[in-house]
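Participant: When we follow the working numbering, the leftmost residue of the sequence shown carries the number 47, and every step to the right adds one.
The beta carbon of each residue, even a glycine, is placed where N, CA and C say it ideally should be.
Structure provided below as structure tokens; questions to follow.
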Amino acid sequence: MHVKTILLLLLLALATIFALVCVLLTRGRAPSTCQRQPPAQEDPDAGRSLVFADLSPEEMVQVVRYLQGHLGVQLVDASRAKPSDNCIASVDVQVPAKAEVLRFLDGGGARPPREALAVLYFGNQPDPNVTEYVVGPLPTPAYHRDVTVQKYGGKVPYHRRPALTAEYRQLAGFLKSQVFPAAPSFMRQVMDYDGDSLATLSAAPRGLRSGDRQTWFVVFQNVSGFFVHPVGLEVLVDHSSLDVSRWAVSRVFYNGQYYGDMAQLESAYVQGGVSVEKVRRAPRDGDFSSMKPRVPPAALFPLQYEPQGPRYSVRNNRVLFQGWSFAFGLSASTGLRLFDVRHRGERVAYEISVQEALSVYGSNCPGGMSTRYMDGSFGLGRYTSPLVRGVDCPYSATYVDTHVLSEALRPRRRRASLCIFEQNLGFPLRRHFSTLQSLYYGGLVNSALVVRSIATVGNYDYVWDFVFYQSGAIEGQVRATGYTSSSFLHGDGLRYGNRVWEHTLGTLHTHAVNFKVDLDVGGVKNSLVAHDMAFEVTRAPWSPEQQIERPRLTKRVLDTEDQAAFRLQSKIPRYIYFAADSKNKWGHQRGYRIQITSFAGDHVPEASSMERAISWARYQLAVTRRKEEEPTSTSIYNQNDPWTPTVAFADFIDNETITNEDLVAWITTGFLHIPHSEDIPNTVTVGNAVGFLLRPYNYYDLDPSIYSHDGVFFTSEQDVTACAVNPIACLPRAASCLPNFPPFTYDGFQNV
């Protein structure tokens, strides 16, 4: 190589090294780990929110010990109980009466005694029944009182009890040992049954009249995502007897035909009298129903992080965020609920809670056509799913463990069953770009706090969110996902849904979700006011020969419960709000508006013998006087006896005056789901979200978010790159840190 060439290459190498050094020096040090800063908001609560707290594991254990020692009967562990046994079905917190709580929180009164509500099944006695006891005071119980008659007007008949997991296990054993062997040729040759290749899903309610306990079991291939693998066989089992040996098959259905029992089906099959539609056996992973990704991972999806740590705080059951404070909990039956919700120190809601999730199915198969799932009976809180970090919630969210005592003698820890996080929604809460008269930009980052739980009840997953905005608005929302339920496609099946696979009919169904919203706007006493618009025709004052149609404001006070009960598909005032007895600076009644987002299907006809059990779903909104004896819109006992409902919401509406009273809004949202091919392998949340907003309406003198620290404002005459003028300009420096993501863990498959 020539000497000049070597020298040139050396000079180029030195120049490259010098340039790299300069770049490194100008960049400075590598980003450091993000440092947490404690939230600025002070908490004056001093533990008072614990009055709403869920039971601790220690309290649950003490309640069980007390019941075992003071009822004078033997209590069997519900996880292995027979229908003829006595057992503890569940233990949950008994929230004190509102008047007692408010005296404690606001009036300096004594802390209400802490109590539990225990649900017991008494199958081993002459008059089997379900009894509810209040047990207290905790943590050392000394008394119990039977509240069943007080709550429901009488004892709860035993046939209304929600089925225990043990009963489902006994029913599965009955099918495997007694039912399927009665048709050996059919089961082997048509069903490819090998003792483990089939799974079942039960319909509900269980029968056609009060007192029934007969359940249709729909048979599927036992593969991943079995809900969309029907095989055409369904079995109706009468399990009303408390003696398992007396259970019997009442009817059998296969591919459009009904049979008296499995023996009759077997006989017809052997004689060639059965129209067979053999289903190709699916692999264990479910094939088309598998949720395993069909492609390998690629570029990482976007992540959120908090450069200075969370701007909210969670202590016990209490959350603080940007002027908001509230207590949270998780009821075993109804799921996520909030108490004592305050904005800028003033209570706006005493309780916001989920009440029920209803699904009504159509089909030309018996299991599908008779299904009306009331998921609170199964347990929207009990079946809360362990959350997967980074998918179910943002990776850096705060994850909260909860505990449940259901069908057991000891509590079970539900790891990461709630998550709490602040989320930048990616669009401004408000903004304006001005080029008229003056040049400026003003905007506010739309960052909100989310409290989330996800309940998996059978095939469906419900994502429950309560969202807190800096404008003073609260949103309640539910998104539905999971697997659609299905029927075997035969005959006129396409009248009831769409074909989604070779033998699979995605069956049409409705979703209806009920919420309880106990608003206290400017105090406990409120009225319900409706504002809307109407066009009026007038003459133009400056040109009387010309006509103008102008919108005007209409106002109406809704004085009674009947006036405040809005049927599902009826017209509802666009602005309907709880009004305080106080006024804002501009002379208007302070209020919080209820705004509903819903695409609900039609409600079950009121002529139906079971409609009263779900009569809350008649109304998109119903406002009633708050009563301690009307704590929930339904009951866990309605599922198995909807023909004689234990709680009928329609009875809450009796035309009482609701002016200047303590009021509750019962809100129903929902959507019609006609499953389609894109619901395979399972349903997405997009488009399947409904809920409501609670928005300040003349509650403040101006938008409270103007006091947010996240606001941005600059003019054409300012240096927009200066941090003192525009805090967004500081982001490259202030947010140049490495988020401290904890290692990924998941304990969701433990203790299933």
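Rounding to the nearest angstrom, what Cα-Cα distance links Val406 and Pro348 in this structure?
Facilitator: C-alpha separation (whole angstroms): 38 angstroms.
Participant: Threshold first: 4 residues or longer. Then list the alpha helix (DSSP H) segments lying entirely within the region 482-557, N to C.
Facilitator: Here no run is fully enclosed.
Participant: Taking only the alpha-carbon atoms, compute the straight-line gap between Leu278 and Gly200 and give it to the nearest angstrom.
Facilitator: Reading off the sequence shown, one finds Gly at residue 278, where the question assumed Leu. Rounded to whole angstroms, Gly278 to Gly200 spans 42 angstroms at the Cα level.
Participant: Using 8 angstroms for Cβ pairs, my map puts Ala558 next to Leu404. What's the rounded Cβ distance?
Facilitator: Right, the Cβ-Cβ distance comes to about 4 angstroms (below 8 angstroms), so this counts as a contact.
Participant: Can you give the Cα-Cα distance for Gly381 and Ala345, rounded to whole angstroms?
Facilitator: So the two alpha carbons sit approximately 36 angstroms from each other.
Participant: Which residues in the same chain have their Cβ closer than 7 angstroms to the Cβ of Gly528, if we skip the five residues on either side of it in sequence?
Facilitator: Result list for Gly528: Thr502, Asn505, Tyr506, Asp507, Asn728 and Thr729, in chain order.
Participant: Using the Cα positions of Arg149 and Ala156, report the straight-line distance between them to the nearest angstrom.
Facilitator: Distance between the alpha carbons of Arg149 and Ala156 is about 8 angstroms.
Participant: Are the CB atoms of Gly543 and Pro721 nearer to each other than 8 angstroms?
Facilitator: Yes. Within cutoff.
Participant: Does the contact criterion of 3 or more C-beta pairs under 8 angstroms hold for the region 300-314 versus the region 272-291?
Facilitator: With a cut-off of 8 angstroms, the region 272-291 and the region 300-314 count as touching, because enough Cβ pairs lie within range.
Participant: Check whether the Cβ atoms of Gln354 and Gln83 lie closer than 8 angstroms to each other.
Facilitator: It is a contact, given that the beta carbons lie within the stated cut-off.
Participant: Counting only runs of 4+ residues fully inside the region 136-174, write out the alpha helix (DSSP H) ranges in chain order.
Facilitator: Entirely contained in the region 136-174, the alpha helix (DSSP H) runs reaching 4 residues are, in chain order, 144-152.
Participant: Please determine, among Trp588, Phe645 and Ile466, the residue with the shortest C-alpha to C-alpha distance to Gln615.
Facilitator: Looking at the Cα atoms, Phe645 is the closest of the given residues.
Participant: Report yes if the CB atom of Gln108 is closer than 8 angstroms to the CB atom of Thr177, and no otherwise.
Facilitator: Not a contact, by the Cβ cut-off of 8 angstroms.
Participant: Once you ignore the five residues that flank Asp687 on each side, which residues in its own chain have a CB closer than 6 angstroms to its CB?
Facilitator: Cβ within range, chain order: Arg206 and Ser256.
Participant: Run through the DSSP bridge pairs and tell me what Gln593 is partnered with.
Facilitator: Answer by DSSP bridge pairing, in chain order: Arg585.
Participant: Using the C-alpha atoms, what's the distance from Trp293 back to Phe226?
Facilitator: Whole-angstrom Cα-Cα distance: 14 angstroms.
Participant: Is the region 595-607 in contact with the region 690-706, if contact means three or more CB pairs nearer than 8 angstroms?
Facilitator: Yes: at least three Cβ pairs fall under 8 angstroms.
Participant: Given that a residue counts as buried once 16 or more other Cβ atoms are within 10 Å of its Cβ, and exposed if not, what is Gln483?
Facilitator: Gln483 is exposed by the Cβ-count criterion.
Participant: Are at least three pairs of beta-carbons, each pair with one atom in the region 165-182 and one in the region 131-141, less than 8 angstroms apart?
Facilitator: With the cut-off at 8 angstroms, the region 165-182 and the region 131-141 touch.
Participant: Count the C-beta pairs between the region 587-594 and the region 422-435 that are closer than 8 angstroms, then say yes if the count reaches three, no if not.
Facilitator: No, the region 587-594 is not in contact with the region 422-435.
Participant: Go through its chain and collect everything with a Cβ distance to Gln641's Cβ below 7 angstroms, but skip five positions before and after it.
Facilitator: Result list for Gln641: Phe738, Leu739 and Arg741, in chain order.
Participant: For Leu485, I'd like the list of residues in its chain whose CB is within less than 7 angstroms of its CB, leaving aside the five on either flank, ordered along the chain.
Facilitator: Contacts found: Thr761 and Ser762.
Participant: Within the same chain, show all residues whose beta-carbon is closer than 6 angstroms to that of Gly414, passing over the 5 residues directly before and after it, in chain order.
Facilitator: These residues qualify, in order along the chain: Tyr407, Ser533 and Thr553.
Participant: Spatial neighbours of Leu210 within its chain, please: CB distance less than 6 angstroms, with the 5 preceding and 5 following residues excluded, ordered by chain position.
Facilitator: So the qualifying residues of the chain are Ala124 and Glu453.
Participant: Does DSSP classify Met420 as helix, strand or coil?
Facilitator: In the structure shown, Met420 sits in a strand (DSSP, three-state: E or B).
Participant: Compare the C-alpha of Glu675 against each of Phe695, Ala668, Tyr683 and Ser379 and name the closest.
Facilitator: Out of Phe695, Ala668, Tyr683 and Ser379, Phe695 has the C-alpha closest to the C-alpha of Glu675.
Participant: Could you pull the start and end residues of the alpha helix (DSSP H) that Ala768 belongs to?
Facilitator: Here Ala768 belongs to no alpha helix (DSSP H), and DSSP marks it neither H nor E.
Participant: Given this structure, state the Cα-to-Cα distance separating Gly106 from Pro457, to the nearest angstrom.
Facilitator: Sequence check: residue 106 is Met here, not Gly. Cα-Cα distance, rounded: 7 angstroms.
Participant: Using C-beta distances below 6 angstroms, list every residue in its chain close to Tyr429, excluding the 5 sequence neighbours before and after it, in chain order.
Facilitator: Within the same chain, Tyr429 has close Cβ partners Ala501, Thr502 and Val503.
Participant: Are there 16 or more other CB atoms within 10 angstroms of the CB of Met237, so buried, or fewer, so exposed?
Facilitator: Per the 10 Å Cβ criterion, buried.
Participant: With a cut-off of 8 angstroms on the beta carbons, I'd call Pro474 and Leu490 a contact; round off their distance for me.
Facilitator: Confirmed, Cβ separation roughly 6 angstroms.
Participant: Hey, out of Ile699, Asp648 and Tyr214, whose CA is closest to Phe424's CA?
Facilitator: Out of Ile699, Asp648 and Tyr214, Tyr214 has the C-alpha closest to the C-alpha of Phe424.
Participant: Quick one: measure Cβ to Cβ for Tyr204 and Gly154, integer angstroms, because I've assumed they're closer than 8 angstroms.
Facilitator: Tyr204 to Gly154, Cβ: 46 angstroms. No contact.
Participant: Please classify Met579 as buried or exposed, where buried requires at least 16 neighbouring CB atoms within 10 angstroms.
Facilitator: The residue in question, Met579, is exposed, as its Cβ has fewer than 16 Cβ neighbours within 10 Å.
Participant: Using the Cβ count rule (16 or more neighbours within 10 Å means buried), how would you classify Lys144?
Facilitator: By the 10 Å Cβ count, Lys144 comes out buried.
Participant: What does a CB cutoff of less than 6 angstroms around Leu166 pick up in its chain, not counting 5 residues either side in sequence?
Facilitator: Same-chain partners within the cutoff: Ile134 and Thr177.
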